[in-house]
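Trainee:
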Ligand SMILES: [Zn+2]
């Protein structure tokens, strides 16, 4: 790692439990640092202790610590100087950020967060920075269809909303926050890229009321599409509720989870047989499974008559979660039908695989 002129390693020790490698850096006395604004060199005013996570040293987490000088610029006043190994304001070294970007390109954020043993919110910030940098000079004047996806951090306290081009599947913009606030920020961002909200013809998103309201406000010309990915997620939840209700009533469903979840074609033959037996023993479960699979098939086609038929059937099923899902689809009818027609989908957007084309 190039520390750059003026810096050297002062000490190197293993500390804490579990053990971590801590590298303490210091600057050479009398070194004159440059103002981050104008580059003028000046005397050191005082110092601030900072820490950065660096690449692991074998199995040990590694951190750098340094007293970072604040220099006194005749024009800009007292300013924290830039260090050569990290971006201003980042808690990671440049090399750790490069690793983060490599890992995030290959796997969903949740997996990346586990692999790097780092909070996903901090990783999102790194990704957001490089996406912004990559997009800074891009022209979006041809952008027409946009995918919107919201992810919350593991603890659910923070949200990140991602915007991607549906045609190129390239990540355009990421913003902390969600709902109307995030969509408003994206509408504003368009101006910086030679684009206007009126040119957006289609927005693909989930059925959150805040998203829908904000789409109408900020993108009046855009058709809203609810993609099958989110609808099938809702169907999966409805099925799960039916299963849980049966469990509460004392049904013996132990070990049945994997034969129920997921697609018919990814199940093993044992699982398929188990599923048949369960459906016979518990007709409610059989009905719920049937409804879920039917919906999936109908969404893969373009016949809205079939969808209307499914909604009627779900309403008459007496399975409360499916009655609710049916109402939800009917309330968002145009957006669901728009998906069947346009087939624009957010699928796998949680994993930013392929979206990071920097
Ligand atoms: Zn200056």
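Residue numbers (my numbering): 92 to 449.
For each residue, glycine too, the CB sits at the ideal point set by N, CA and C.
Three-state secondary structure (DSSP) at residue 433?
Mentor: Correct three-state label for residue 433: helix.
Trainee: Exposed or buried, which one is residue 129 when buried takes at least 16 other CB atoms within 10 Å?
Mentor: By the neighbour-count rule (16 or more Cβ atoms within 10 Å), residue 129 is not buried but exposed.
Trainee: Please specify which runs of the alpha helix (DSSP H), each continuous and at least 4 residues long, are wholly inside the region 127–175, giving them in chain order.
Mentor: You should have found no qualifying run.
Trainee: In angstroms with no decimal places, state the Cα-to-Cα distance between residue 379 and residue 334.
Mentor: Whole-angstrom Cα-Cα distance: 9 Å.
Trainee: For residue 214, collect the residues of the same chain with a Cβ closer than 8 Å to its Cβ; drop the 5 residues on either side in sequence, then sort them by chain order.
Mentor: Only 191, 195, 200, 203, 204 and 207 meet the Cβ criterion.
Trainee: From the DSSP output, read off the bridge partner residues of residue 238.
Mentor: Partner(s): 255 and 295.
Trainee: Does any heavy atom of ligand 1 sit closer than 8 Å to the C-beta of residue 123?
Mentor: No.
Trainee: Can you list every residue whose CB sits closer than 7 Å to some heavy atom of ligand 1, going in chain order?
Mentor: The answer, residue by residue, is 126, 128, 129, 131, 164, 166, 167 and 170.
Trainee: Within its chain, find whatever has a CB closer than 6 Å to the CB of residue 270; leave out the 5 residues flanking it on each side and keep chain order.
Mentor: Excluding residues within five positions, the ones whose Cβ falls inside 6 Å are 301.
Trainee: Would you mind sorting residue 417 into buried or exposed? The rule is 16 or more other CB atoms within 10 Å of its CB.
Mentor: Under this definition residue 417 is a buried residue.
Trainee: Give the single residue among 362, 228, 396 and 273 whose Cα lies nearest to the Cα of residue 432.
Mentor: For the residues 362, 228, 396 and 273, the minimum Cα distance to residue 432 belongs to 396.
Trainee: Report the three-state DSSP secondary structure of residue 125 (helix, strand or coil).
Mentor: Correct three-state label for residue 125: strand.
Trainee: Per DSSP, which one or two residues make a beta bridge with residue 98?
Mentor: In DSSP, residue 98 forms a bridge with 118.
Trainee: Measuring alpha carbon to alpha carbon, tell me which of 260, 387 and 162 ends up nearest residue 319.
Mentor: Answer by Cα proximity: 387.
Trainee: Rounded C-beta distance between residue 166 and residue 131? I'm assuming under 8 Å.
Mentor: Between residue 131 and residue 166 the Cβ distance is about 7 Å, and since that is below 8 Å, they are a contact.
Trainee: Do the CB positions of residue 113 and residue 153 come within less than 9 Å of each other?
Mentor: Going by C-beta atoms, residue 113 is nearer than 9 Å to residue 153.
Trainee: Consult DSSP for residue 198 and reduce its assignment to one of helix, strand or coil.
Mentor: Coil at residue 198, not helix or strand.
Trainee: Between residue 280 and the rest of its own chain, which residues show a CB-CB distance below 6 Å, the 5 nearest in sequence each way excluded?
Mentor: So the list reads 264, once near-sequence residues are dropped.
Trainee: Take residue 292 as the anchor and find which of 316, 282 and 304 has the nearest alpha-carbon.
Mentor: Nearest of 316, 282 and 304 to residue 292, Cα basis: 316.
Trainee: Determine the direct distance from the alpha carbon of residue 412 to that of residue 332, and round the result to whole angstroms.
Mentor: Each residue's Cα considered, the two are about 7 Å apart.
Trainee: CA-CA distance, residue 242 and residue 123?
Mentor: Each residue's Cα considered, the two are about 44 Å apart.
Trainee: Just tell me which of 376, 402, 324 and 177 has its CA closest to the CA of residue 340.
Mentor: If we check each option's Cα against that of residue 340, 376 comes out closest.
Trainee: Which of the three DSSP states, helix, strand or coil, is assigned to residue 187?
Mentor: The answer is helix: DSSP assigns residue 187 an H, G or I state.
Trainee: Tell me whether residue 104 sits in a helix, a strand or coil according to DSSP, three-state version.
Mentor: Three-state DSSP puts residue 104 in a strand.
Trainee: Take the Cβ of residue 304 as the centre, count every other Cβ of all protein chains shown within 10 Å, and call the residue buried at 16 or more, exposed below.
Mentor: Exposed, since its Cβ has fewer than 16 Cβ neighbours within 10 Å.
Trainee: What first and last residue would you give for the beta strand (DSSP E) that runs through residue 264?
Mentor: First-last of the beta strand (DSSP E) with residue 264: 261–267.
Trainee: Please confirm whether residue 181 and residue 218 have their CB atoms less than 9 Å apart.
Mentor: Contact: no.
Trainee: Using C-beta distances below 7 Å, list every residue in its chain close to residue 275, excluding the 5 sequence neighbours before and after it, in chain order.
Mentor: 305 and 309.
Trainee: Look at the alpha carbon of residue 364 and the alpha carbon of residue 385, and state the distance between them as a whole number of angstroms.
Mentor: Spanning the two alpha carbons is a distance of roughly 19 Å.
Trainee: Within this structure, are the beta carbons of residue 231 and residue 286 separated by less than 9 Å?
Mentor: Cβ atoms of residue 231 and residue 286: closer than 9 Å.
Trainee: Drop a sphere of 10 angstroms on the beta-carbon of residue 448, count the other beta-carbons inside from all chains shown, and report buried for 16 or more, exposed for fewer.
Mentor: A caution first: residue 448 carries a pLDDT of 47, below 50, which makes its placement in the model unreliable, though a value can still be read off. Result: exposed.
Trainee: Can you give me the C-alpha to C-alpha distance between residue 104 and residue 111, rounded to a whole angstrom?
Mentor: Answer to the nearest angstrom: the Cα atoms are 8 Å apart.
Trainee: When DSSP labels each residue in this structure, what does residue 113 get in the three-state scheme?
Mentor: Note: residue 113 maps to strand in three-state DSSP.
Trainee: Just to confirm, is the Cβ distance from residue 236 to residue 414 under 9 Å?
Mentor: Not in contact: residue 236 and residue 414 (Cβ atoms no closer than 9 Å).
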